Each structure stands twice: as structure tokens, then as C-alpha cells.
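For the first sequence, position 43 (counting from the first letter as 1) is numbered 45 according to the working numbering, and the numbering increases by one without interruption.
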Amino acid sequence: MKKVLGKSFFERDTLIVARELLGKYLVRSIQGKDVAVMITEVEAYDGVGDKASHAHKGKTERNAVMFGDAGRWYVYLVYGMYEMLNIVTGARGYPAAVLIRGTDGIVGPGRLTKFLHITRAQNGLRAIRISGLWIEDKGVVVPEQKIKKTTRIGVDYAGVWAKKKYRFVMK
DNA sequence: ACGATGATGAAC
DNA sequence: TTCATCATCGTA
Numbered sequence: 003m004k005k006v007l008g009k010s011f012f013e014r015d016t017l018i019v020a021r022e023l024l025g026k027y028l029v030r031s032i033q034g035k036d037v038a039v040m041i042t043e044v045e046a047y048d049g050v051g052d053k054a055s056h057a058h059k060g061k062t063e064r065n066a067v068m069f070g071d072a073g074r075w076y077v078y079l080v081y082g083m084y085e086m087l088n089i090v091t092g093a094r095g096y097p098a099a100v101l102i103r104g105t106d107g108i109v110g111p112g113r114l115t116k117f118l119h120i121t122r123a124q125n126g127l128r129a130i131r132i133s134g135l136w137i138e139d140k141g142v143v144v145p146e147q148k149i150k151k152t153t154r155i156g157v158d159y160a161g162v163w164a165k166k167k168y169r170f171v172m173k
């Protein structure tokens, strides 16, 4: 049982998508080989109102893809060194995305992109096989009691939005 | 606890 | 054009 997640999966509420991404597989084609890792840690970024989101200040050159179609990658550089991998969610025109922070064996968003050779070259690409980076459902079921909901990492500046439990981690 | 390291967005 | 800031991580 293996299914590539399509646009309809991502074109929903970003919190729902974030929750359901746990247990799914991030697959990267590197030099002809497919590397698949199970997603275990994610964060949701939801709309222009979310002060922790890049979309909070409105549409800019960097965050433009967040305002576009669901199911595309949003990759950006942070702290001058680390590429962050997000998948765009929600309706077109509504800026939202899920940051993929960790997988089985790889803890940390910067380490993940480094390991899978993901850079801003993937920004704006669709999450399909042709792009070399996509997500598969392999039938793993993650029950609620195995999921921990916490506040997001590194967004202490975001006031009340920093307190929202938009981070989902598999125990 | 702190520095690395460079793009971004806003101010000037 | 300058400047503070930043969805982090390795070393100490």
C-alpha cells in the first residue's frame, strides 16, 4: 500500500494537514535512488494573522509561494545557513504551510534538508515524483495518544501566537 | 552560552 | 544603502 499525496490532501486546514502528515513518508530522489523517511515532527503556520508566519507581513518575494496553490514546496534560508522545508496548504490566496521539522532518525529542520539535499532550488516546485521530492502514504496509522502537541520552536517573538500548540510530534 | 553566516524587509 | 532580525545548529 503506497500512495503519493496529491493537491487535495494539502488543500485543507493547515492544522489538519500538519496532524495527518505524521507517519507519512517524505521521499527524495537523489542520484537515481529514492530515500524515504517517515515524518515525525511538524509545525503549522496559518494565515496572515499568524504573527509567527512569514505571511504575517503580507505577500513578499520570499513568501509568495505560500499564497499560491497547495501541494508546492516552500523552501527558504534561515540564519544564513539552514534551508527550511515547508509544504504549502490551504486554499489558493490563503497563505499557510506546514514546516517539516523532523523524521525518524533525523531531528531538526536544518539537518533534514542537509541530509536530503534540499535547497531553495526546490522552492515553488510541486510535491510530485517529477520534482524529485514528494510525500507518500504507506498506510502507517498514528493514533492520537502517540501525538504530542506543543508550542512552535523559535518563534518567541510572536506574542500570543507563540503560545498556540501548532507543533505536532510523534512520541 | 555563543558564534557562524547571508538573505530579507523595513527604515533611512 | 544600511541595519536589525531571523521557523538553527555545532562547538564549548
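Even glycine gets a Cβ: it sits at the ideal position worked out from N, Cα and C. These numbers were taken from a predicted model, which means no experiment stands behind them.
Neighbourhood of residue 80 by C-beta distance below 6 Å, restricted to the same chain and skipping five residues each side: Here residue 80 refers to the residue found at position 78 when the first sequence is read from its first residue. The residues are 86.
Measure the alpha-carbon distance for residue 27 versus residue 137 and round it to whole angstroms. As a working note, residue 27 is residue 25 in the first sequence. As a working note, residue 137 is residue 135 in the first sequence. About 5 Å.
Extract the residue ranges of the beta strand (DSSP E) inside the stretch 28 to 55, only unbroken runs of 3 or more that lie entirely within it. At a cut-off of 3 residues, the continuous stretches assigned as beta strand (DSSP E) that sit fully inside the stretch 28 to 55 are 35 to 48.
Using the Cβ count rule (16 or more neighbours within 10 Å means buried), how would you classify residue 168? Counting from one through the first sequence, the residue named residue 168 turns up at place 166. Result: buried.
Just to confirm the assignment, what range does the beta strand (DSSP E) spanning residue 100 have? By one-based count along the first sequence, residue 100 stands at place 98. Element bounds for residue 100: 98 to 105.
Excluding the five sequence neighbours on either side, which residues of its own chain have a C-beta within less than 6 Å of the C-beta of residue 3, listed in chain order? Taking the first sequence and counting its residues from 1, the one referred to as residue 3 is at position 1. These residues qualify, in order along the chain: 141.
Residue closest to residue 126, alpha-carbon to alpha-carbon, out of 103, 66, 172 and 143: On the first sequence, residue 126 is found 124 positions in, with the first residue counted as 1. Here the closest residue by C-alpha is 66.
What is the DSSP secondary structure of residue 139, counted as helix, strand or coil? Counting from one through the first sequence, the residue named residue 139 turns up at place 137. Residue state, collapsed to three classes: strand.
Residue 98 versus residue 35 - alpha carbon distance: On the first sequence, residue 98 is found 96 positions in, with the first residue counted as 1. On the first sequence, residue 35 is found 33 positions in, with the first residue counted as 1. Approximately 31 Å, taken between the alpha carbons.
Unbroken stretches of the alpha helix (DSSP H), 4 residues or longer, contained in the stretch 54 to 99: none
Taking 7 Å as the threshold (C-beta atoms), are residue 118 and residue 30 in contact? As a first step, residue 30 is located in the first sequence; it is residue number 28 there, counting from the start. As a first step, residue 118 is located in the first sequence; it is residue number 116 there, counting from the start. The answer is yes: Cβ separation under 7 Å.
Distance, Cα to Cα, residue 108 vs residue 173? As a working note, residue 108 is residue 106 in the first sequence. As a working note, residue 173 is residue 171 in the first sequence. Those two C-alpha atoms are separated by around 14 Å.
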